[in-house]
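Residue numbers (this note's numbering): 1 to 764.
Following this line, the structure appears as structure tokens:
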């Protein structure tokens, strides 16, 4: 059972404790923040909710709920004073928003500003006066005759709303409007008053912050040394002290106020200042000094009211007093780690409804867990709310190179984009844009290929983790993505992890960028790959971890094993075959194993009767006994004598040969430098002979002397090498090109087929 005792007059003993557990005098409630009068928040958005607190000795307000509980009028004149009785609303006297249910106690009034109370230029603070009147029907003024100043404008978002006593830390200040447009010098003061002075004035010593203007909507403020807890009163020094961070448009005495935000100095620095009411999050509590020296087992509790001056045991969680001792770990003399308990529901019979907005508690840390005797060391405010949650990402995968636009779905997201940060697999998302409270969009970063990485979304209210949220796939982006098969082409390839790759010159070992028909498969089938590459992108130049340039040999193709380039072209001698044709059909067949993948793109050169149109190529190999040709057969026949030739890029070329390696152009023919390396196919040439130089449009030199009777013949000029057939392919990165590496190399990586990795081989 909880013991009954007075919380306001409890004395603390600190016998036997070291300097970390200092003796604490009579503690007061944490009103070391502001004076008797406070208006919060310091700056409210148009139509926002304001609370006026006035703890004058005599009750000032009527307690109650409803539009009549606290009659509030807003004066548009910044220096106006409140009338003695409730006035008829005018353009200068605005009624508070009647659609909002006003509430009041004897010391506070909460109301909603009317829509007509607007902000200043670019959202800068504009001063109004709130007048409070009695709710008993007498319409007599309640509270201060001068009224209570209320600032309407854009409230800044601070990267941290509290910091160490003594300052020195930097606070990032961001705004949702271009608050600092036209303001070349932004200045900052810290004030212990709840409302900032209207002009810069003469700042108090030690309370001027150093400001770095980042943009029209952001500044960084270095907190000055004078922002401390109260060192003059030991009882107050353990309690946080609240300040107003006041931003002005210069350092002259007349510089006007731009905006303001609350800030707290504390002996405790919290890793999170607001999180979900469900608890379960890890909270790191650190101090600038060895506050926990000599304390073996710190006592920790969360309390709705001011912290008890000594530690209180509880038999069970209570609505306003949560003890979390089993989840407290002292890490060092300056650090304690706490697993935050659930606040709602299931906190006893007192209150089971979860908060619909932000709710502030106090984190209280004691010099032990001895009931009614362990003194309070320090405290800090800790807020709870309905924490956002992420439920999914669309799409669920994208290239490891990053740059993909994704949409994160969930609930309770801030609608201010600047309040959302997120990581995907530990790397920050960029260009985050709030869509609604249930979704935001972002751009993925570059990340090593990985499956099912976690999404971590952080807002001012805490952090939510969605496991198995996204996969970074290894995909390439290729430029250019098309070229003819008459030459080699330099290709820019973008991906991830190239600086760790070991690119090799042999096609079947080390890292490679392959040109593949379909999806590359290095799985072993016999001694070969299941789907070998067509050619290799060689001479790799690594520009960065995400970009390389390589040379794609489209004029040379790899053999069917993918282990080596096809040998230099040697026209096959005409041999008797069992190739059969059927009139009107594009399928040819052979009785014995005849066709291989290397035949694709080659010309079927028939001798004797013409059963197949001249120039017909093999477009696909169905099996070693069947293939598909580009033109339908002209006749049905068997045992056609034929041979396979590489594609002729010049047909019907007239060449005059001599009894040496010199040739001349026959009628209607000229030579160009593009003919160098090509192979003339005809009776007067040794198979494999190629043109090694072109000396003029009418003269060239062969690699071997002509044979047979010199004279003029009409021939075809073919590539020296077997080129890559025209068609659609994919460029694929593999970290290991060895056969079967996918099953033997634990670090094997292969890029996937994507719309950005396709490559077309075409004649133009």
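From the three backbone atoms N, C-alpha and C, an ideal C-beta is built for every residue, glycine too.
- Cα atoms of residue 453 and residue 432: separation of roughly 19 Å, rounded to the nearest angstrom.
- By DSSP's assignment, residue 463 forms a beta bridge with 458.
- Residue 146 sits in coil when the DSSP states are folded into three classes, being neither helix nor strand.
- Within the segment 674-698, the complete beta strand (DSSP E) runs of at least 3 residues fall at 679-681, 691-696.
- In the DSSP assignment, residue 303 forms a beta bridge with 321, 362.
- When 221, 174, 385, 698 are compared, the shortest CA-CA separation from residue 463 is found for 385.
- Ranked by Cα distance from residue 712, the options 450, 302, 633, 655 are led by 655.
- For residue 741, the uninterrupted alpha helix (DSSP H) segment begins and ends at 741-744.
- At the C-beta level, residue 389 and residue 299 stay beyond 8 Å of one another.
- Approximately 14 Å separates the beta-carbon atoms of residue 41 and residue 117; this is outside 8 Å, ruling out the contact.
- Note that the segment 711-725 touches the segment 551-567; at least 3 beta-carbon pairs, one per stretch, sit closer than 8 Å.
- Per DSSP, residue 649 is one residue of the beta strand (DSSP E) stretching across 648-657.
- Apart from sequence neighbours up to five positions away, the residues of its chain that approach residue 757 with a beta-carbon distance below 8 Å are 475, 476, 477, 478, 730, 731, 732, 751, ordered along the chain.
- Residue burial annotation: residue 494 is buried, with at least 16 other C-beta atoms found within 10 angstroms of its C-beta.
- Distance from the CA atom of residue 149 to the CA atom of residue 114, rounded to whole angstroms, is 15 Å.
- By the C-beta density criterion, residue 736 is buried, having at least 16 other C-beta atoms within 10 angstroms.
- Going by C-alpha positions, residue 641 is about 25 Å away from residue 560.
- Per DSSP, the continuous beta strand (DSSP E) segment holding residue 262 begins and ends at 257-266.
- Bounds of the beta strand (DSSP E) holding residue 644 are 637-645.
- Cβ-Cβ distances below 7 Å link residue 231 to 237 in the same chain, with the five nearest sequence neighbours on each side left out; the list follows chain order.
- Judged by DSSP in its simplified three-state form, residue 122 adopts helix.
- For residue 234, the secondary structure class from DSSP, reduced to helix, strand or coil, is helix.
- The beta carbons of residue 165 and residue 260 sit no closer together than 8 Å.
- In the three-state DSSP reduction, residue 374 falls in the coil class, being neither helix nor strand.
- Proximity of the segment 390-402 to the segment 283-300 falls short of the contact definition, fewer than three beta-carbon pairs being nearer than 8 Å.
- When beta bridges are read from the DSSP output, residue 380 appears opposite 363.
- Burial state of residue 207 is buried, judged by a 10 Å Cβ sphere holding 16 or more other Cβ atoms.
- For the pair residue 258 and residue 400, the Cα-to-Cα distance works out to about 44 Å.
- In the DSSP assignment, residue 733 falls within the beta strand (DSSP E) that extends over 727-734.
- Judged by DSSP secondary structure, residue 169 falls outside any beta strand (DSSP E); it is assigned neither H nor E.
- According to the DSSP secondary-structure assignment, residue 601 is paired through a beta bridge with no residue.
- Judged by DSSP in its simplified three-state form, residue 97 adopts coil rather than helix or strand.
- Judged by DSSP in its simplified three-state form, residue 581 adopts strand.
- DSSP places residue 278 in the coil class of the three-state scheme, outside both helix and strand.
- Cβ neighbours of residue 358 within its own chain (closer than 6 Å, five residues either side excluded): 383, 385.
- Contact annotation: residue 657 and residue 710 have beta-carbon atoms nearer than 8 Å.
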